[in-house]
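Written below as structure tokens is the structure these notes are about.
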Amino acid sequence: MKNSIIVSSLIAASLSLGACSSLPSSEVELVRTDEGYRLLKDGQPHVIYGAGGTADLKLLAKYGGNTIRTWDAEGIGDLLDEAHANGISVIAGIWLEHQRHGFDYNEPAQRRQQLDRVEQLVKEHRDHPALLAWGVGNEVELGGDFDVALRQINDAAKIIKKLDPHHPRVAIIAEIGDDKAVRIQNECPDIDFLGINTYGGLGNLTDRLTQQGYTGAWAITEYGVLGHWEAGTTPWGAPYEQSSSQKADFLREAYASTIESNLGKSCLGSFAFLWGNKQEKTETWYGLLLPSGETTERVDVLSEFWTGKAPENLAPRVQGISLADANPHGLAPSQRVEARVVTNDPDSDPLSIEWRVLPESSAQSMGGDFEQSISAADVMIEPGTGNNAFITMPEAQGAYRIFVTVRDGKGHAGTANLPVWIGDQPE
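Numbering (the numbering used here), first residue to last: 3 to 429.
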């Protein structure tokens, strides 16, 4: 990492084959200013108002987003075309394998095969006008030897720089540890700026970067909620998930204190996680969108930061779930309980409320590894007279969650869930 960086060149003379082969390629610079750093795309300042993920890009642009990041560049030609059509730039991630998945970085043949793949992907996409930068791996160091990860990150970055000097290279890591940021700055000279995946630590990140001695540019490449590994837990170890409104409040405070206050200085922008949805501990923990496509309140908050004004119609506020006259830590099999949700709509839109009960996930994955989706339990749910419902709990003992989804009928929704235990808890 250099203290003063200009990553630029004349537009490539020959364009790669593909749907956009007739379009001019982009030219991106990372420049040092008196205040800090900034990205220039085709000579114009580009602040990253972004999200990680590839769902509805037209919707992202509507809310003011201008950039997405991917975790790999395999087969992203159509995605790049779609992004370009919607005025969205892309940090194209190139996946580098993880040691915790069995990849052996001490095996020369495996390393060479991976670097050959890096070369192939760069050649395939380097001339696309939607391209903003290259993401060199994602949390490659997680669960492995950091020294080994550093070498492979810079080896890949060196290849990318040789093949495509027109776009910066960003190393994306899981938090910054005690010295990860400064070591990348000192030991990866072909990396141009740092991408940091951070959740609960976003609020004090800049202080921690300063303490490490990191002086380069950075972007937040994942953020938006309290991570499931950071949350408080039940006696049986189930983490408590924030409601959609608690997530929105958390994001608003962290964005203002760490991202917005450092734009134009050391921060190049950010990517909220996740533009779409996925099962990770629960089906609602990280997604900015529901599987059915509705936006959640965090999207409203992001849009206000990105555009300077709140959307015309806002998502419902959802604060949480409670049980009336029942202890969620010790329900009886087949017990009938009254569940209540605290919710309201800022626009006074009529709300529909959906209740479900799902078994607790038993997955012990880390780093966003794939988790199988979970089917709802077959239980009787009787709607109440307001924001409540009467639920007959499953007969089988064990850990479950009561989920609620509140929709306004205008494409927006709020969510919450409550961990419960049925039967006698294990010793």
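We put the beta carbon where it would ideally sit given N, CA and C, even for glycine.
Residue state for ALA53 is assigned as strand, using DSSP reduced to three classes. Counting C-beta atoms within 10 angstroms of its own C-beta, ALA85 has 16 or more neighbours from the protein chains shown and is therefore classed as buried. Taking a contact as a CB-CB distance under 8 angstroms, the pair GLY322 and TRP423 does not count as one, their CB atoms being some 18 angstroms apart.
By the CB criterion at 8 angstroms, LEU420 and PRO330 fall inside the cutoff. The C-beta distance from TYR51 to THR69 rounds to 7 angstroms, short enough to meet the 8 angstroms contact threshold. Between PRO241 and the set LYS283, GLY278 and GLU296, the nearest pair of CA atoms involves LYS283. Inclusion of ILE222 and ILE198 in the CB contact set at 8 angstroms is warranted, their separation being smaller than that value. Annotation for VAL381: VAL359, ILE393, THR394, MET395 and PRO396 place their beta carbon closer than 7 angstroms to its own, counting only its chain and skipping 5 residues before and after. Taking all protein chains in view, the Cβ of LYS182 is crowded by 16 or more other Cβ atoms within 10 Å, so the residue is classified as buried. Ranking LEU42, GLU189, ALA219 and LEU207 by CA distance to the CA of TYR225 puts LEU207 first. In the three-state scheme derived from DSSP, where H, G and I count as helix and E and B as strand, GLU143 is classed as coil. Contact annotation: the segment 45-59 does not touch the segment 120-129, with fewer than three C-beta pairs closer than 8 angstroms.
DSSP places PHE252 within a helical segment (H, G or I) once states are collapsed to three.
The continuous beta strand (DSSP E) containing ILE404 extends over residues 400-409.
Going by beta carbons, VAL92 and LEU41 fall outside the 8 angstroms limit. Each of LYS43, ALA53, ASP426 and SER375 was checked against the Cα of ALA398, and the nearest Cα belongs to ASP426. The Cβ atoms of TRP277 and GLU243 lie no closer than 8 angstroms to each other. Counting the other Cβ atoms within 10 Å of the Cβ of LYS164 gives fewer than 16, which makes it exposed.
Non-local beta-carbon contacts of ARG171 in its own chain, meaning distances under 6 angstroms to residues more than five positions away in sequence, involve TRP136, VAL138, ALA159, ILE162, ILE193 and ASP194 in chain order. In the DSSP assignment, ASN156 falls within the alpha helix (DSSP H) that extends over 148-165.
Under the three-state reduction of DSSP output, HIS48 falls in the coil class, being neither helix nor strand. Within the segment 295-328, the complete alpha helix (DSSP H) segments of 4 residues or longer fall at 299-309, listed in chain order. Per DSSP, the unbroken beta strand (DSSP E) holding ALA173 starts and ends at 171-176. By alpha-carbon distance to SER305, the top candidate from SER268, GLU262 and ALA334 is GLU262. From the listed residues VAL33, ASP209, THR217 and GLU255, the smallest Cα separation to LEU228 is found for GLU255. Boundaries of the alpha helix (DSSP H) harbouring ILE186: 182-189, taken from the DSSP string. For ARG71, the enclosing beta strand (DSSP E) starts and ends at 69-71. The continuous beta strand (DSSP E) containing THR345 extends over residues 338-346.
ARG338 is classed as exposed because its beta carbon has fewer than 16 other beta carbons within 10 Å across all chains shown. Straight across, the Cα-Cα distance linking ALA334 with SER246 is about 29 angstroms.
GLY67 is a Cβ neighbour of ILE90, given a cutoff of 8 angstroms. The beta carbon of THR260 lies closer than 7 angstroms to those of LEU204, GLY205, LEU207 and THR208 in the same chain, with the five residues before and after it left out. Taking a contact as a CB-CB distance under 8 angstroms, the pair HIS414 and THR297 counts as one, their CB atoms being some 5 angstroms apart.
For GLU356, the enclosing beta strand (DSSP E) covers residues 354-361. Under the three-state reduction of DSSP output, SER259 falls in the helix class.
Scanning ILE178, ALA63, ASP166 and LYS412 for the CA closest to the CA of GLY215 turns up ILE178.
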